[in-house]
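Numbering (my numbering), first residue to last: 293 to 628.
Glycine included, each C-beta is placed from N, C-alpha and C at the ideal position.
Below is one structure, written out as structure tokens; the observations come after it.
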Ligand code: ASP
């Protein structure tokens, strides 16, 4: 019998109506009571390192969750992390950097409706997540939701209410789970890890460009951040219709050994900043990094992980452009 650890962290899946709205109330044991067959099929233990609406999940909580997995890594065959959907993509990315090349599956799941409701998706998502975590062909960090298995660095929440809340962005689903069976689209070789990291620099955030945004917004952010991910327009560029004030401001980040990375607010297909002058100029003149096919969520978390290791610009650049867990799709000729 497979030995699996449930790491419950809160979210809608574990919520009930409090006096002021839905809030996480059920602990890990209560969750398991709603899916009794799971404890018949597998040997399951449960821990509850945090109990949060994932709106409140912070980078330090990612370290706590990763710490639980590290602590129990040798004792279990796989891990299921029950998590709120709102920031699940960030946590999945974080675990993908903090625990690399894991031969044992680390599977995040959650629900759009609480497990205590009649029409919940929580039970099927938990059954699917456990089935995937128990399968010998499963490795690494993934999200199992609505029957889809999505690699941890490529997931995005794309629907606020429907069951198919998550999509895999610019990358195929790894597998589908139907009636407890795993149908793999991408067979995986057993990786040679795990390799754990335990540091993160949380002073990274993102800003979404809007037409006419002022350089002063970036100046204010520079005071408190070590890195900024700019969600720019289209294939990527920085406006210069303000007489170049924003471009000059971005140069200051580099002068202060701070990082600006550019991604796109367009959901699919990533950046290609060399195409337009508004993009190529900041790449050439300001030392910005380009996210290419990384999702904005992943770019933010990757910089947190990298800055937890080093503040050396060349090393930051090297690590940012080194693919981890399929976060960045290589394309011949991109980085010449
Ligand atoms: N606000 C909830 C959370 O992310 C939403 C959910 O779990 O679906 O914790």
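Of the candidates 556, 513, 541 and 540, 556 places its Cα closest to the Cα of residue 529. A direct Cα-Cα distance of roughly 15 Å separates residue 503 from residue 558. Approximately 6 Å separates the beta-carbon atoms of residue 308 and residue 406; this is inside 8 Å, confirming the contact. In this structure, 438 is the residue among 481, 445 and 438 with its C-alpha nearest to the C-alpha of residue 451.
Here residue 458 is buried. Its C-beta has 16 or more other C-beta atoms within 10 Å. The three-state secondary structure of residue 316, taken from DSSP, is strand. Burial check for residue 328: the Cβ neighbour count within 10 Å stays below 16, so the residue is exposed. Contact annotation: residue 430 and residue 444 have beta-carbon atoms that are not nearer than 9 Å. Taken in chain order, the whole alpha helix (DSSP H) runs of length 4 or more contained in the region 300-354 are 320-325 and 328-333. DSSP places residue 367 in the helix class (H, G or I) of the three-state scheme.
Taking 8 Å as the cut-off, one finds at least one heavy atom of the ligand ASP near enough to the beta carbon of residue 403.
For the options 378, 339 and 370, the alpha carbon positioned closest to that of residue 349 is the one of 378. Apart from the 5 residues on each side of it in sequence, residue 583 sits with its Cβ closer than 6 Å to the Cβ of 553, 555, 563 and 591 in its chain, given in chain order. In terms of Cα proximity to residue 479, the closest of 422, 465, 402 and 526 is 465.
In chain order, 395 and 431 place their CB closer than 7 Å to the CB of residue 482, counting only its own chain and leaving out the 5 sequence neighbours on each side. Taking 4 residues as the minimum length, the alpha helix (DSSP H) runs contained wholly in the region 381-440 are 414-426, in order along the chain. With a beta-carbon spacing of about 7 Å, residue 306 and residue 374 fall inside the 8 Å limit used to define contacts. The DSSP-derived three-state label of residue 598 is helix. Counting only runs that start and end inside the region 534-571, the alpha helix (DSSP H) elements of at least 4 residues fall at 537-547.
Residue 478 sits in coil when the DSSP states are folded into three classes, being neither helix nor strand. Distance check between residue 549 and each of 409, 515, 620 and 498 places 515 closest, using alpha-carbon atoms only. For residue 468, DSSP records a beta bridge to 440 and 475. When beta bridges are read from the DSSP output, residue 499 appears opposite 522. With a contact defined as Cβ atoms closer than 8 Å, residue 489 and residue 390 qualify at about 5 Å. Here residue 496 has 519, 592, 595 and 596 as same chain residues with Cβ atoms under 6 Å from its own Cβ, once five neighbours each way along the sequence are excluded. Sequence-distant Cβ neighbours of residue 303 in its own chain, meaning closer than 6 Å and more than five residues away, are 346, 375, 376 and 402. Taking C-beta atoms under 8 Å as the contact rule, residue 297 and residue 368 qualify, at a distance of about 4 Å. The DSSP-derived three-state label of residue 463 is coil. Closest in alpha carbon position to residue 561, among 412, 399, 460 and 415, is 460. Sixteen is the threshold: since fewer than 16 other Cβ atoms of the shown chains lie within 10 Å of the Cβ of residue 352, the residue is exposed.
The Cβ atoms of residue 371 and residue 330 lie no closer than 9 Å to each other. Remark: the shortest separation between the CB of residue 380 and any heavy atom of the ligand ASP falls under 8 Å. No heavy atom of the ligand ASP is found nearer than 8 Å to the CB of residue 341.
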